[in-house]
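Using this note's numbering, the first residue of the sequence shown is number 582, and each one after it goes up by one. By construction, the Cβ of each residue, glycine as well, lies at the ideal position given by its N, Cα and C atoms. Accompanying notes for the structure given below.
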Amino acid sequence: MRPPSVDALARSRADSHLPHPLLVEAARSAIADGAHEQFDAYVERVERRLLSRVINATGVLLHTNMGRAPLATNRNAGYTNLELDLDTGARGSRQERAGLLLAKACGAEAAIVVNNCASAVMLGLAAVAKGSGVPVSRGELVEIGGGFRVPEVLEQSGCRLVEVGTTNRTRLADFERAIAENQDIAAVLKVHPSNYRIEGFQQSVGVKALSTLGVPLIVDLGSGLLDEACPWLEGGRPGWLLDEPAVRQTLDQGADLVMFSGDKLLGGPQSGIIAGRAEMVERCARHPLMRTFRPGDLVIGALQDVALAYLRRDGDAIPFWAMATIPQPVLSRRAEAIVAASGIGMVVDSEATPGGGSLPTATIASAAIEIAGDHSTELRDHTTPIIARVHEGRTLLDLRTIDPADDAIITSALAASRLEGLA
Ligand SMILES: *Cc1c(COP(=O)(O)O)cnc(C)c1O
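This is the structure:
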């Protein structure tokens, strides 16, 4: 029997949500593979390559593969007053929305928003120290992941790296000498090593000491904890934050500019924030790179919601903080209910992690559903893909990162599965 025509095969799935050209492409592949009878699988593969919602059951709260901080946003993409001053009818600044509010929330004179922390660091360095020397401790010349390497970012921003101290120990005197020996120092850069930790015989120079050097101090804080005291959490600062530094205190201790991600511990959309002294933030805002790095109104709107929640001290309105602070017994009870309803798995204690390249050693007490064997592929194949963790031949679904509204999906996915030898 002759295979159907490409067009007929494509039209046979006109009921799918895929536009015709994508169905045609899938039909061509299926026919070329001699597999037109499995066309549904080809269509599904195309659908699964589109950006879509997944359930994060890994227990890693800020998972880069799943868009870091979870965010509930329901913004209309119609016209906005993005750069319109509604009082005068004249042109306004997009930075007077989320930027202004975040500055208030962290006690900075001013703040602006760019696409991510990498662009924030590059812009800050270019605006303040382009063509000049910038001393950095050798212990902080790190790679953060995804190719963010401090020496390369410095070079791209047009600055000259002046290495200071050693990998494990750097003292204030090392910076003083670097400034005395180089005539072109325009700023000092301090980088939070984030996913990397030196233990044992080590020493580094704090923000307070660095701010006495008489040159502008730029701090790449990365993870973006807004305030050490976490006033937006009813229970105050959680223990798992360990000694994670915060934006407000870094500024209080004398940093001139602080850069941080919007989608790590801040719990917002992918973005980067530059906060600090008004005059230096203004230099960043006026720099030509700003045009390249500025986000649009969807991001600014989502970040504005997050900033308003911080100002209201309402951590529960920020999904990341709501998930991170649910008491462990509540998670155990939810896991028990899912196991009872689906007849699959057993409840075990678990350790969730903040993730996002911050706090590499921190864990948050959690509860998980444990199933013998590796079922990660079947779970990923579910209509709403469920991303699980596999450890020593067992599949773990960690409740810490699962939205309670999705418990029913987990229950039916487990009940419908014929996970071998389990029920
Ligand atoms: C994560 C991180 C970055 C990069 O942040 P993005 O928002 O992903 O660009 C830069 N610096 C530090 C210290 C970080 O932790």
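Check, Outcome
"Buried versus exposed call for M840 [16 or more other C-beta atoms within 10 Å across all chains shown]", "buried"
"A859 - containing alpha helix (DSSP H), residue span", "A859 to R867"
"E977, enclosing beta strand (DSSP E) - first and last residue", "In the sequence as displayed, the identity of residue 977 is Leu instead of Glu. Start and end: R975 to D979."
"Cα-Cα separation, L940 to A699", "18 angstroms"
"Segment contact, 8 angstroms Cβ cut-off, at least three pairs: the region 616-623 with the region 633-644", "no"
"Rounded distance between the beta-carbons of I968 and R961, thought under 8 angstroms", "6 angstroms"
"S804: CB within 7 angstroms of a non-hydrogen atom of ligand 1", "yes"
"Buried versus exposed call for G746 [16 or more other C-beta atoms within 10 Å across all chains shown]", "buried"
"Beta-carbon gap between I693 and G803 smaller than 8 angstroms", "no"
"beta-carbon G853 near ligand 1 non-hydrogen atom, thresh 7 angstroms", "yes"
"Residues bridged to N637 (per DSSP)", "I968"
"Classification of S842 by the beta-carbon crowding that lies within 10 angstroms, buried from 16 upward", "buried"
"beta-carbon S775 near ligand 1 non-hydrogen atom, thresh 7 angstroms", "yes"
"Y777 versus E757, L823, K789 and V723, residue with shortest Cα-Cα distance", "V723"
"Three-state secondary structure (DSSP) of G936", "strand"
"As assigned by DSSP and simplified to three states, the class of H549", "The displayed coordinates of the chain run from 582 to 1004. Any statement about residue 549 would go beyond what the structure contains."
"DSSP state of R719 mapped onto helix, strand, coil", "helix"
"Residue burial classification, M871 (beta-carbon count within 10 angstroms, cutoff 16)", "buried"
"Anticipated Cβ contact below 8 angstroms, P716 with V769, distance rounded", "5 angstroms"
"Three-state secondary structure (DSSP) of D886", "helix"
"D988 and I881 closer than 8 angstroms at C-beta", "no"
"Collapsed DSSP secondary structure at E1001 in the structure displayed", "Bear in mind that the predicted position of E1001 carries a pLDDT of just 47, short of 50, making it unreliable; the figure below should be weighed with that in mind. Here E1001 sits in coil by DSSP."
"Buried versus exposed call for P876 [16 or more other C-beta atoms within 10 Å across all chains shown]", "buried"
"Length of the line joining the Cα atoms of A684 and G805", "13 angstroms"
"Cα-Cα separation, L980 to R594", "37 angstroms"
"Straight-line Cα distance separating L832 from V796", "15 angstroms"
"Which residues DSSP lists as bridging I693, in chain order", "I855"
"Short Cβ contact (8 angstroms threshold) for D984 with T661", "no"
"Beta-carbon proximity list for H773, same chain, < 6 angstroms, skipping 5 on both sides", "L802 and G803"
"With 16 other Cβ atoms within 10 Å as the buried cut-off, status of A997", "exposed"
"Same chain, Cβ closer than 6 angstroms to P584, neighbours up to 5 away in sequence not counted", "I612 and H617"
"Beta-carbon gap between D886 and T654 smaller than 8 angstroms", "yes"
"Residue range of the alpha helix (DSSP H) that includes K845", "Looking at the DSSP string, K845 is not in any alpha helix (DSSP H), and its letter there is neither H nor E."
"D801 CB to nearest heavy atom of ligand 1 below 7 angstroms", "yes"
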